[in-house]
Amino acid sequence: MGGGSRCLCDRYNGPDGGSGGGADDGRDRDQAVSGVGYGFLWLVCNAVGRLLFRYRAIGREHIPTRGGVLVAANHASFLDIPLLGCGVPRRVAFLGRQDLFPVPGLRWLVQWLGWIPIRQDRLDREGFGKAIRLIKEGKVVAIYPEGTRSPNGALQPGRPGIGILVAETGCPVVPAYIDGTYEALPTGAAWIRLHPVTVTYGEPIDFSVDAQRDSGKGRKSRAFRTPPGSQALQR
């Protein structure tokens with residue numbers, strides 16, 4: 127895990143491992159408690175991932191240790207959410223379909239831990255607005271540009287959500303490729319299969335140069351074309 131002497135709430139709370147200065151005391155306490163919960167689940171998921179899937183994370187050094195960042199990955203399985211987060215030594219907020227957790231109690235819990243529900247039928251200004259705010263506060267947000275799980279494990283065309291986030295924040299994008307989760311738990315499967323899983327994080331793609339040279343519209347059109355997952359890693 128690295129830095130094991132740091133408490134879980136220090137490591138996983140706030141934008142860069144801090145308490146999110148400027149918030150009121152109640153919010154600080156809630157962030158601290160949810161940070162401990164996230165850190166505990168991070169440890170559990172890492173242990174389970176190594177035990178069941180021989181989980182490996184390659185390229186962790188490419189993830190910025192501070193500042194807002196967007197992690198963009200391919201999506202083929204429900205396992206992508208915990209296993210993508212396992213390789214990031216910072217707290218991650220995940221964008222996901224609003225119907226992903228229909229049970230009210232579970233829905234509240236995962237939102238408390240950092241899940242951001244996104245409507246699929248239209249541009250979700252509330253959901254994307256929250257993600258933009260978190261990135262501007264210096265936090266890590268993860269997105270699956272395909273928008274839903276791949277039906278066959280192959281990379282699907284990306285949707286414009288990643289372009290909106292990049293255009294509004296100018297944040298670096300860390301492309302990630304998740305290999306093996308489709309074989310472990312494909313769409314429609316009832317049981318998990320024991321299959322190796324490797325998550326590879328690529329070098330950050332920096333859009334700040336575009337921000338200085340181009341208009342917001344130009345940045346957005348280029349971001350729309352940014353390939354998710356493995357295509358980005360093959361650049």
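Residue numbers (this note's numbering): 127 to 361.
Glycine is no exception: its CB is placed at the ideal position from the N, C-alpha and C atoms.
Query - Reduced DSSP secondary structure (H/G/I, E/B, other) of Ile-207 - result: helix
Query - Through-space distance from Ala-158 to Asp-136, alpha-carbon basis - result: Unreliable placement is indicated for Asp-136, whose pLDDT of 42 sits below 50; no coordinate value is reported for it.
Query raised in the report: Thinking C-alpha only, which one of Val-300, Val-214, Ile-242 and Lys-262 is nearest Leu-226?
Result: Ile-242
Query - Selected residue, minimal CA-CA separation from Cys-362, among Gly-175, Gly-193, Ile-331 and Arg-251 - result: Within the shown structure, residues of the chain are numbered from 127 to 361, placing residue 362 beyond reach of any answer.
Query raised in the report: Between which two residues does the beta strand (DSSP E) harbouring Ile-184 extend?
Result: 182 to 184
Report task. Return the chain-ordered ranges of every beta strand (DSSP E) run that is complete within the segment 220 to 281 and spans a minimum of 3 residues. Result -> 241 to 244 and 266 to 269
Query raised in the report: If we call anything under 7 Å between Cβ atoms a contact, is Tyr-270 one with His-201?
Result: yes
Query - Assigned secondary structure, Ala-198 (DSSP; H/G/I helix, E/B strand, else coil) - result: strand
Query - DSSP-derived helix/strand/coil call for Val-292 - result: helix
**Report entry** Host beta strand (DSSP E) of Thr-324 (start-end)
**Finding:** 324 to 327
Report task. Please classify Phe-254: is it buried, with 16 or more other beta-carbons within 10 angstroms of its beta-carbon, or exposed? Result -> buried
Query - Assumed close pair Val-323, Tyr-181 - CB separation to whole angstroms, cut-off 8 Å - result: 5 Å
Query - C-alpha gap between Leu-311 and Leu-235, whole angstroms - result: 23 Å
Query - Buried or exposed (CB count within 10 angstroms, at least 16 for buried), Gly-147 - result: Because the pLDDT at Gly-147 is just 47, under 50, the model does not fix this residue reliably, and the value given afterwards should be weighed accordingly. Classification for Gly-147: exposed.
Requested in this report: Could you pull the start and end residues of the beta strand (DSSP E) that Ala-302 belongs to?
Outcome: 299 to 305
Requested in this report: For Val-218, write down the residues that DSSP places opposite it in a beta bridge.
Outcome: Val-266
Query raised in the report: What's the call for Trp-168, buried or exposed, on a 16-neighbour Cβ count within 10 Å?
Result: buried
Query raised in the report: Across which residues does DSSP place Ile-189 in a beta bridge pair?
Result: Beta-bridge pairing links Ile-189 to no other residue.
Query raised in the report: Beta carbon of Ile-290, beta carbon of Gly-194: below 7 Å?
Result: no
Query raised in the report: Which value, in whole angstroms, describes the spacing of the CA atoms of Thr-274 and Arg-223?
Result: 8 Å
Query raised in the report: Would the beta-carbon of Tyr-308 fall within 7 Å of that of Gly-279?
Result: yes
Query raised in the report: With C-beta atoms as the reference, is Val-267 less than 7 Å away from Leu-196?
Result: yes
Query raised in the report: Are the beta-carbon atoms belonging to Leu-221 and Ala-257 less than 7 Å from one another?
Result: yes
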